[in-house]
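Colleague: Numbering-wise, the sequence shown is residues 4 to 199 according to our numbering.
Glycine is no exception: its CB is placed at the ideal position from the N, C-alpha and C atoms.
All figures in this text were calculated on a predicted structure; none of them were measured in a lab.
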Amino acid sequence: MTTPQQWYRQNRKCLRNYRGQWIAYDADGIIAHHPDYAQLIEAIPADAQNYLIERIDKTEFSEPLKFFPVRFNAIKKHDWQPKYPVTLSFGQNRTLNILIDSGADISLIPYQLGVDLGYHKLSEEINNKGESVGGIVEYLLRNIEMEIDDNHFSAPVAWLQTMDCDETLIGREGVFDLFDIEFKQAEEIIIFKWRN
């Protein structure tokens, strides 16, 4: 029986049509897509089960850069991104195929995903500020329950407070100490080994 991850690997090239959008997919294919996370959630069929949610970044599946009359290929030689299914739980449960980022200090979720999970900003809360490749971002620190390969744990997450960033990633804090993580780019797989 095919899994959502296997479908993704076999059909990754067709996902270029969804750049800049959130998608939900199961073992049979895409069940919903939309640029806005909240509208994606509304579009997922009520009877859908065992699906993953993922954002296809605008820069994925980049085409060769063209400078006339000479063409240069994009720098990225291998099209795989190290993403893995992670279930996030607060008020709601969502399973997403998330970028595993050893260069990130902390995990990160976009504003709409946090709202969907049940987070609320208190009137007296002040946004924290952090640096990203794209510049300064504002966030609120939250704890979230995560599940990776049937292993449950709690970890901090930066809940973005701006609507213009849809990044979702798993960073080191609260996660990397619990697992031995092996990246095998040639095989396009990540192996999580629970340390306890």
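Short of 6 Å in beta carbon distance, which residues of its chain neighbour Gln115, apart from the five on each side in sequence? Order them along the chain.
Modeller: Position 112 of the sequence shown, counted from the first residue, corresponds to residue 115. So the qualifying residues of the chain are Tyr40 and Ala41.
Colleague: Whose CA, out of Ile173, Lys61, Gly32 and Asp169, lies closest to the CA of Leu55?
Modeller: Residue numbering aside, residue 55 sits at position 52 when the sequence shown is read from its first letter. Ranking the options by Cα distance to Leu55, first place goes to Gly32.
Colleague: I'd like to know whether the C-beta atoms of Lys86 and Glu57 end up nearer to each other than 8 Å.
Modeller: Here residue 86 is taken as the residue at index 83 of the sequence shown, counted from 1. Here residue 57 is taken as the residue at index 54 of the sequence shown, counted from 1. Yes; because the gap between Cβ atoms is below 8 Å, this pair is in contact.
Colleague: Specify the secondary structure class of Ile44 as computed by DSSP and reduced to three states.
Modeller: In the sequence shown, counting from the first residue as 1, residue 44 sits at position 41. Reduced to three states, the DSSP call for Ile44 is helix.
Colleague: Looking only at its own chain, which residues have a Cβ that is under 8 Å from the Cβ of Ile139, when we skip the five neighbours before and after it?
Modeller: Counted from its first residue, the sequence shown places residue 139 at position 136. So the list reads Lys132 and Gly133, once near-sequence residues are dropped.
Colleague: Just mark Arg97 as buried or exposed, buried being the case when its beta carbon has 16 or more other beta carbons within 10 Å.
Modeller: The residue given as residue 97 occupies position 94 in the sequence shown. By the neighbour-count rule (16 or more Cβ atoms within 10 Å), Arg97 is buried.
Colleague: Please report how far the alpha carbon of Phe182 lies from the alpha carbon of Leu102, in whole angstroms.
Modeller: As a first step, residue 182 is located in the sequence shown; it is residue number 179 there, counting from the start. As a first step, residue 102 is located in the sequence shown; it is residue number 99 there, counting from the start. Going by the C-alpha atoms only, they are around 16 Å apart.
Colleague: Please work out which residues of its chain come closer than 8 Å, Cβ to Cβ, to Gln95, disregarding the five sequence neighbours upstream and downstream, and give them in chain order.
Modeller: Sequence index remark: in the sequence shown, residue 95 carries index 92 (1-based). So the list reads Asp119, Leu120 and Gly121, once near-sequence residues are dropped.
Colleague: Do Pro113 and Asn100 have their CB atoms nearer than 8 Å?
Modeller: Residue mapping note: residue 113 aligns to position 110 of the sequence shown, counting from 1. Residue mapping note: residue 100 aligns to position 97 of the sequence shown, counting from 1. Not a contact, by the Cβ cut-off of 8 Å.
Colleague: Between the C-alpha atoms of Glu191 and Ala49, what's the straight-line distance to the nearest angstrom?
Modeller: Against the sequence shown, residue 191 aligns to sequence position 188. Against the sequence shown, residue 49 aligns to sequence position 46. Roughly 32 Å between the two C-alpha positions.
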